[in-house]
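A quick write-up on the structure given underneath.
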Amino acid sequence: MLIGWLLCCCMLFMMASFLETAPYYGDPSMHFTSHDEWAETQRKSINSNASDAAGKYVIPMMMVAFGYLLVEVPADAHFKAFVVAVAFNGVEYGGSFDFSLTFPRLMLFMGCVCLPLGPAAWFLVYESKVGPLNFCVYMAQFWKVLQKRAV
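Numbered by mature numbering (1 follows the signal peptide of the UniProt record, and there is no 0), the letters in the sequence shown go through residues -21 to -1, 1 to 130 in order.
As structure tokens, this is what we get:
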């Protein structure tokens, strides 16, 4: 797990030290206007090398994800081993504890732990309602995004 945390931290600090590249649009107002409406100074402010700068983040981000994976998998395994060691280490399971849980009792306990999560999600998470989309409008917007090469 230590190797995973070290890998994660090193890659994140390395990416934090990268120099920030200029954005593609030099003038932020260009996002909201058509290509035909841009002034010549706005056209010159476009950073054509912006897409090349993204490549330097790919490998470090992959290493961050791998480092997190190295941490998360053993952490899950440790928690499960702890639950099994405490819950199923009674005499009837060949252990040395004078108490133990049966499998149905463990499932009841886990269900009780999960029970308040439903109402918490219902009352504490706010989602704004969105009306149904018109398929033709959606596809037209999707086509515009594809033409901008933002994908």
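In this text, a Cβ means the ideal position worked out from N, Cα and C, and glycines have one as well.
No experiment lies behind these values; they were computed from the predicted model shown.
I need the boundaries of the alpha helix (DSSP H) containing residue i, first residue and last residue.
{"i": "K123", "result": "F114 to Q126"}
{"i": "M40", "result": "V37 to A66"}
{"i": "S30", "result": "A29 to A32"}
{"i": "residue 206", "result": "Limits of the chain in this structure are -21 at one end and 130 at the other, which puts residue 206 out of reach."}
{"i": "A100", "result": "L96 to L103"}
{"i": "E19", "result": "E19 to K23"}
{"i": "P83", "result": "F82 to C93"}
As a quick exercise: from the options, pick the residue whose alpha carbon is nearest that of residue i.
{"i": "V63", "options": "M86, P7, L(-10) and G34", "result": "M86"}
{"i": "Y47", "options": "F58, A60, W(-17) and N113", "result": "W(-17)"}
{"i": "M42", "options": "L(-10), A119 and N26", "result": "L(-10)"}
{"i": "Y3", "options": "K23, V109 and L(-15)", "result": "K23"}
{"i": "R128", "options": "C(-12), L80 and A29", "result": "A29"}
{"i": "Q21", "options": "D6, M89 and T(-1)", "result": "D6"}
{"i": "V37", "options": "E19, F11 and F(-4)", "result": "F(-4)"}
{"i": "C(-12)", "options": "V92, A44 and H14", "result": "A44"}
What is the C-beta distance between residue i and residue j, in whole angstroms, given that I count them as a contact (C-beta under 8 Å)?
{"i": "A100", "j": "M(-21)", "result": "With 8 Å as the limit, A100 and M(-21) do not qualify as a contact, their Cβ atoms being about 30 Å apart."}
{"i": "L80", "j": "F61", "result": "13 Å between Cβ atoms; not a contact."}
Just to confirm my understanding: we take residue i, look at its own chain, exclude 5 residues before and 5 after, and list those with CB closer than 8 Å. What are they?
{"i": "D77", "result": "G69 and V70"}
{"i": "T(-1)", "result": "N26, N28, A29 and A32"}
For residue i, which residues from the same chain have a beta carbon less than 7 Å from its beta carbon, with the 5 sequence-adjacent residues on both sides left out?
{"i": "M9", "result": "W17 and Q21"}
{"i": "Y72", "result": "S79"}
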